[in-house]
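Asker: Have a look at the structure that comes next, please.
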Amino acid sequence: MYRKSLSEKTFDGSIILLLVLTSLLMLFPFYYMIVISFSSYDDYMRHGVMLWPKQWVLDAYRSIFESRAFVRSIGSTVFVTVAGTLVDLIMTSSMAYALSRDIPGRKFFNMMVVFTFLFGGGMIPTYLIIKSTGLIDTYWALIVPGCISAFNLIIIRQFFRGIPNELNDAALIDGASEVKIFVLIVLPLSKPVLAAFSLFYAVGHWNTFFDAILYLNDSTKWTLQVVLRQLVILGNVSDTLHQSPEARMTQLEHQTPPETIGMAAVLVATIPILLLYPFLQKHFAKGVMLGSIKG
Amino acid sequence: MKKKNASLLLMLSLSLGVTACSANKEETQPTSSSASTGTAPAASSASATASPSADPAAKKLDISLFEGVWSAIPDPNGAGIQAINEKFNVNFKANLVPFDQGGQKMAVLMASGDMPDFVGLGGADPSYLKWAKQGAFLPLNDYIDKYPVLQLIPKTAWDSVTVDGNIYAIPRFFTTKYRNVPIIRKDWLDKLNLQMPTTYEELLNVAKAFTFNDPDGNGKDDTYGFVMANGLDNEMAMGSGFYSDTWSMKNDKGQYLPGIITDASKQRIQFLRDAFKAGVVPKDWPVLTYKDNRTTFYSGKAGIYYDGTPGNKGLFDQLLKADPNAVVETIPPFKAPDGSQALPGLSGWYQMYSLNGKLKNDPDKVDRILSMINYFATFIPPEQQNENNPDFDWKNGGVGKGYTMENGVADYPEASLSLRPKSYLEIAEWAPSDEALQVEKKAINPIQKAYAEKSVKLWSTPGMTYINPVFSIHSDLYDTKFWELNTKLIDEQTKMIVGNTSMDNWDKMVQDFLKNGGQDVIDEVNQKMQEAGAEPVYK
Amino acid sequence: MYIAKVWKYRFLYLLLLPGLIYFIVYKYLPMFGLVIAFKDYSAFQGFMDSPWVGLRHFRTIFDSPDMVRIFFNTLYLNALQLLFAFPAGIVMALMLNEVKNTVFKRTVQSIVYLPHFVSWIVVVSIALTVLGSEGILNSLLEALGFQPINFLTSPNWFMPLITLEGMWKETGWGTIIFLAALSGINPNLYEAAVIDGGNRWQLIRFITLPSLRGTIAILLILQMGHVLDTGIEQILLMVNSLTKGVGTTLDLYVFQKGIEGADYSFATAFGLFKSLIGLVLILGANRLAKKVGEEGVF
């Protein structure tokens, strides 16, 4: 071991300081939301933002968990997230792998993918296709039509290309088939990338909102986000240029969910998916690829 | 090779596009009921009770509805819908979505030929007019005479939904009175020995006193004269003549002008400018929202706001906790430069139902739908809204189940939403008059009760309610272009209020408005008003 | 020869096939809907029978007298994002990569990615609390003897605030891709460099950064495709009458015209217009990347 010089120490120290400050800055709103969600509505109304609840109450959480629709939606969401992420990963990584190799026509297929990154048919034609492929009112409508994101595909392909060719060549010489190379060499080597993208996909499914409303007429199948937004309409972004006074009065009459419930709902909807991260994080560890090359 | 592939793909997609479209048409054409069968829930038990006869009501019909709703969404298989299925001998599928998303899904359903048997719409907006002209909806002119409740709908409401002589929608009831208008903390006035303001000058003095003279007596400088929000929400219009959206003043050519460019509005903006300078409104008001303002007023931190009658129970409960001695009153209107002294009325209806145009060969189904609407829209007077009225009891899912009675007032718990048939077809009942609703009777909170009683009395004064003549007309320019220009005017006025620009810019602002299409709007609106014989009315 | 090559890669084509079918069915087939950009769409005449109107909808986009301003606002915001938000993710990933203590590193990682899950409405409401004229920051400024700043109503602050909020929300999330890329670096390289006497900066400059080059290039190229996109929700929540002039972007303008629902043809034309610009820029960026020796996206 070599001794750290003074400049090295300042270097490390300043990085740690910066990261600690950034973390605090990013933790603050969560703290703020947690405090509000555990405060009584009266306290919140009277004191506004508090550093510590005057009195810890569970009212907000109780009113969320009392809703039958909410409990039911957890099941739908977990299913869509797990099944969806699996389908996404399989579809995306297999296509990405094929496109990472020098197969004839590769350039054309790549163009085809990039093109969809920019151009889409829009909501109505997509709806028509989803309808004519029989997915309306099934969970598959939330899984199949978005199972490969062009963006993710392009990046995963880039990672696959980064795998040294010598590896593949060596394996080929050893008599391994393409199947074996993909399953036994490429996939294990790509763990960090696959972990990262399963997180992206899972979060996307977890947050399914409008697709559920659009494609599922049966509201018992709706996902968590839809149900929670019903419990607490947090914002009225839908306001466009003009709202009639009648519409406005009706809206005012119905939109009085206490902010305490709003914050609790956001936390309840977020925490399960947050818990996924630490599990995937360990796959980002260094040196995975090295081990295989040496071996 | 690339080119070949591309053209092949195009051909493929085109042909599929065509078949997809035509497939749609066929699917929904013959008996659109078949489309909605699919997953009929455990409604079969209901059919057992249906009496077999030649009566058209004996045939069990599939009926589908799509609507964006403000309230919570009930379980699609709840007891409430089963009760509807039994009572009307139907297999009712109510596809309800949150209101915010309703418009978008509606557009997709309409565009992809998936319109259900009937739909709930927000109003006679450009989308409605477009769909109506395209023949999406069933003309109802020949049907409406048969249903007693529909007789109660006033001509102005029918006029608003009529396109080329055809009635394509059934308007739903909304009060004409009780719009959100300025309200004031009367107890603060009394405490500071002030009179109810009758001019903008007096109003400014009151607002100053509310800000600086510690009206809540807590010894802290923590109150505001009034609160307002982004987009000039709570524009502090003290009477219909001062409102930005009323048409009651005329120009030299005798044309009615939109309120937002009149001298009355100029006077109002000048007041707001002075008030801002005096520091009686939150300095950040251009970034605040109505939610912030409601919180401020109903936690007892502001003296003037605006709200409807009877107001929101939850908010008044907050106020009661913050200050049990609070007294809230509607501010009586000031005399406007046009000589009027009235409160602005509403159109008398909001939201509507339209039926699928393809039902023209299915009169039984049309009748069944209209009967359902008729039944749910039938008025039950407040004194009969209890378990002794069988219709009330049924609509709300039975006492002790769908609703509970406390001290003669019905309470509808969120938990029993799906037990109430009403949750699936939530139509406001058509009341013979606004007074018949007796809104003040429903208030339990003492502050709210006192406020509502006084406010209802004020609104009941003859000549107090101004009826906007634009309610009776349809103008494409007014529906679209005007609101675009209106936003710009609000931006300009906001700049004047916070002192970014001078009041001298007023005339230029008005000229720009007229030049950029505002005059065209005024011409068209006035022409249509003349055709319809519409004038401002004070009821 | 050609066929033999294809046959050689038959397994790879098999892997390609499901994805290909997916793209054709769910991405390319709906594109027939794009014809509607040149038509006056009527739901009851369908996509094929609606009347042609040529480029009318494209002309409508440029109809507004404020269009120059709106374009400028859009590009300005994207430039800010490219200059500040994009590098922020790389810098943070590099910083995390330098941390030796695994527990600390993982904790920080888990924290910085939290804001991604906070909805805009909450982000904006916190921003208002902090930046308001009586907010925490201005109270601090006043206590220190400075003039308070109208962050929320001053036009100059608008786009920088939008960018800062975006950075706060997405930087940590953006590090994930880079961290995944960094985990593929061969540690031998570092060891060798240290033996050769390389210091920390040199290691970052000559080993870490170059290994991120490919990922950075691809992300930059793809970002070019969305140079006219700004999203709606955040801006809509932040904008007010005093900042509308500098805050109205293309997306917001079209949204506020309220035509999305009513005029499907216009909305499609608008989307197509943005995509075409994006295509040109992606092609350009891709060519540039190849010139400097990067692989590009196709």
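Residue numbers (numbering that gives the first Met the number 0), protein chains in the order written: chain S, 0 to 294; chain P, 0 to 538; chain E, 0 to 297.
Think of the CB as a built atom: it goes at the ideal place given N, C-alpha and C, for glycine as much as any other residue.
Note that the structure is predicted; figures quoted are calculated from it, not measured.
Just to confirm, is the Cβ distance from P/Thr261 to P/Asn467 under 9 Å?
Answerer: Position 262 of the second sequence, counting from 1, holds the residue named residue 261 of chain P. Position 468 of the second sequence, counting from 1, holds the residue named residue 467 of chain P. Result no, Cβ atoms of P/Thr261 and P/Asn467 do not sit closer than 9 Å.
Asker: Compile a chain-ordered list of the residues in the segment 106-117 of chain P whose CB is closer than 7 Å to at least one CB of chain S.
Answerer: Val107, Ala110 and Ser111
Asker: With DSSP run on the structure shown, which of helix, strand or coil describes E/Asn187?
Answerer: Position 188 of the third sequence, counting from 1, holds the residue named residue 187 of chain E. Of the three classes helix, strand and coil, the one that applies to E/Asn187 here is helix, per DSSP.
Asker: Please name the residue in S/Asp11, S/Thr9 and S/Leu275 whose C-alpha comes closest to that of S/Ser197.
Answerer: Counting from 1 along the first sequence, the entry for residue 197 of chain S is found at position 198. Residue S/Leu275 is the option with its Cα nearest to S/Ser197.
Asker: If we define contact as Cβ-Cβ less than 9 Å, is S/Pro257 a contact residue for chain E?
Answerer: On the first sequence, residue 257 of chain S is found 258 positions in, with the first residue counted as 1. Closer than 9 Å: no.
Asker: With distance defined between alpha-carbon atoms, name the residue in S/Val182, S/Ile154, S/Val185 and S/Leu188 nearest to E/Ile298.
Answerer: Here chain E comprises residues numbered 0 to 297, so residue 298 of chain E is not present and cannot be evaluated.
Asker: Got a sec, what are the start and stop residues for the beta strand (DSSP E) P/Ser353 sits in?
Answerer: For the purposes of this step, residue 353 of chain P is taken as the residue at position 354 of the second sequence. Per DSSP, P/Ser353 belongs to the beta strand (DSSP E) from Trp348 to Leu354.
Asker: For E/Ser119, count the other beta carbons within 10 Å of its own beta carbon; 16 or more makes it buried, fewer makes it exposed. Which is it?
Answerer: The sequence position of residue 119 of chain E within the third sequence is 120, counting from 1. Position check: residue 119 of chain E holds Trp in this sequence, whereas Ser was assumed. It counts as buried.
Asker: What are the boundary residues of the alpha helix (DSSP H) that S/Ile180 is part of?
Answerer: As a working mapping, residue 180 of chain S is identified with position 181 in the first sequence. Element bounds for S/Ile180: n/a, residue is neither H nor E.
Asker: At 9 Å on the CB atoms, spell out the chain E contacts of P/Ile169, in chain order.
Answerer: As a first step, residue 169 of chain P is located in the second sequence; it is residue number 170 there, counting from the start. Residues of chain E passing the Cβ test: none, with the nearest at roughly 21 Å.
Asker: Measure how close the beta-carbons of P/Pro431 and P/Leu151 come, nearest whole angstrom, since I'm counting them as under 8 Å.
Answerer: As a first step, residue 431 of chain P must be located in the second sequence, where it is residue number 432. As a first step, residue 151 of chain P must be located in the second sequence, where it is residue number 152. For a cut-off of 8 Å, the C-beta gap from P/Pro431 to P/Leu151 is around 7 Å, short enough to register as a contact.
Asker: DSSP three-state call for P/Lys453: helix, strand or coil?
Answerer: What you label residue 453 of chain P is simply residue 454 of the second sequence in a count that begins at 1. P/Lys453: helix per DSSP, three-state reduction.
Asker: So, helix, strand or coil for S/Gly120, using DSSP?
Answerer: The count along the first sequence starts at 1 and reaches residue 120 of chain S at position 121. Looking at S/Gly120 - three-state DSSP - the assignment turns out to be coil, as it is neither helix nor strand.
Asker: Where does P/Glu530 fall in DSSP's three states?
Answerer: As a position in the second sequence, residue 530 of chain P is number 531, starting the count at 1. If DSSP states are grouped into helix, strand and coil, P/Glu530 belongs with the helices.
Asker: Looking at the unbroken beta strand (DSSP E) that takes in P/Tyr305, where does it start and where does it end?
Answerer: The count along the second sequence starts at 1 and reaches residue 305 of chain P at position 306. Residues Ala301 to Asp306.
Asker: Please work out which residues of its chain come closer than 6 Å, Cβ to Cβ, to S/Ala140, disregarding the five sequence neighbours upstream and downstream, and give them in chain order.
Answerer: Mapped onto the first sequence, residue 140 of chain S falls at position 141. Here the set comprises Ile129, Leu134 and Tyr214.
Asker: Find the nearest neighbour of S/Trp51 within the set S/Ile15, S/Ser38 and S/Phe114, judged by alpha-carbon distance.
Answerer: The residue you call residue 51 of chain S lines up with position 52 of the first sequence. The residue among S/Ile15, S/Ser38 and S/Phe114 with its C-alpha nearest the C-alpha of S/Trp51 is S/Ser38.
Asker: Determine, using beta carbons only, whether P/Lys185 comes closer than 9 Å to chain S.
Answerer: As a position in the second sequence, residue 185 of chain P is number 186, starting the count at 1. So, not an interface residue.
Asker: Helix, strand or coil for P/Pro40 per DSSP?
Answerer: Taking the first residue of the second sequence as 1, we reach residue 40 of chain P at position 41. Per-residue confidence for P/Pro40 stands at a pLDDT of 37, beneath the threshold of 50, marking its modelled position as unreliable; the derived number appears in the next sentence. If DSSP states are grouped into helix, strand and coil, P/Pro40 belongs with coil.
Asker: Roughly how many whole angstroms lie between the Cα atoms of S/Phe78 and S/Ser148?
Answerer: On the first sequence, residue 78 of chain S is found 79 positions in, with the first residue counted as 1. On the first sequence, residue 148 of chain S is found 149 positions in, with the first residue counted as 1. Distance between the alpha carbons of S/Phe78 and S/Ser148: 20 Å.
Asker: Tell me, please, whether the CB atom of P/Lys282 is closer than 9 Å to any CB atom in chain E?
Answerer: Counted from its first residue, the second sequence places residue 282 of chain P at position 283. Closer than 9 Å to some Cβ of chain E, the Cβ of P/Lys282 qualifies, so yes.
Asker: Does the separation of the CB atoms of P/Val520 and P/Leu476 fall below 9 Å?
Answerer: Mapped onto the second sequence, residue 520 of chain P falls at position 521. Mapped onto the second sequence, residue 476 of chain P falls at position 477. For P/Val520 and P/Leu476, yes; Cβs fall inside 9 Å.
Asker: Using a Cβ-Cβ cutoff of 9 Å, what residues of the segment 10-28 of chain S are near chain E? List them in chain order.
Answerer: Phe10, Asp11, Ile14, Ile15, Leu17, Leu18, Val19, Thr21, Ser22, Leu23, Leu24, Met25, Leu26, Phe27 and Pro28
Asker: Spatial neighbours of S/Trp55 within its chain, please: CB distance less than 7 Å, with the 5 preceding and 5 following residues excluded, ordered by chain position.
Answerer: For the purposes of this step, residue 55 of chain S is identified with residue 56 of the first sequence, where counting begins at 1. Same-chain partners within the cutoff: Phe37.
Asker: Give a yes or no on whether 9 Å exceeds the smallest Cβ distance from P/Asp519 to chain E.
Answerer: Translated into positions along the second sequence, residue 519 of chain P becomes position 520. With 9 Å as the cut-off, P/Asp519 does not count as an interface residue toward chain E.
Asker: Per DSSP, P/Tyr255 is paired with what?
Answerer: Against the second sequence, residue 255 of chain P aligns to sequence position 256. The partner list for P/Tyr255 (beta bridge, DSSP) reads P/Lys249.
Asker: Using a Cβ-Cβ cut-off of less than 8 Å, give me the residues of the segment 130-154 of chain E that come near chain P, in sequence order.
Answerer: Gly131, Ser132, Glu133, Leu151 and Thr152
Asker: For a quick check, are the C-beta atoms of P/Tyr177 and P/Ser346 less than 9 Å apart?
Answerer: By 1-based counting over the second sequence, the position of residue 177 of chain P is 178. By 1-based counting over the second sequence, the position of residue 346 of chain P is 347. Cβ distance not < 9 Å, so P/Tyr177 and P/Ser346 don't count as in contact.
Asker: Could you tell me whether any Cβ in chain P is nearer than 9 Å to the Cβ of E/Leu241?
Answerer: Reading the third sequence from its first residue, position 242 is the one you call residue 241 of chain E. Cβ-Cβ to chain P under 9 Å: yes for E/Leu241.
Asker: Residues of the segment 238-258 of chain P in Cβ contact with chain S at a cutoff of 9 Å, in chain order, please.
Answerer: Asp244
Asker: May I ask you to list, following chain order, the residues of the segment 45-56 of chain E that have a beta carbon less than 7 Å from some beta carbon of chain P?
Answerer: Gly45, Phe46 and Met47
Asker: If you measure from the beta carbon of E/Ala42 to each beta carbon in chain P, is any gap under 9 Å?
Answerer: Taking the first residue of the third sequence as 1, we reach residue 42 of chain E at position 43. Contacts with chain P at 9 Å (Cβ-Cβ) include E/Ala42.
Asker: Apply the 10 Å Cβ neighbour rule to E/Arg286 and answer buried if 16 or more other Cβ atoms are within range, or exposed otherwise.
Answerer: In the third sequence, the residue the question calls residue 286 of chain E occupies position 287. Label assigned to E/Arg286: exposed.
Asker: So for P/Ile166, helix, strand or coil by DSSP?
Answerer: On the second sequence, position 167 is the one that residue 166 of chain P refers to. In the structure shown, P/Ile166 sits in a strand (DSSP, three-state: E or B).
Asker: State the DSSP-derived secondary structure class of P/Glu66, mapped to helix, strand or coil.
Answerer: What you label residue 66 of chain P is simply residue 67 of the second sequence in a count that begins at 1. The answer is strand: DSSP assigns P/Glu66 an E or B state.
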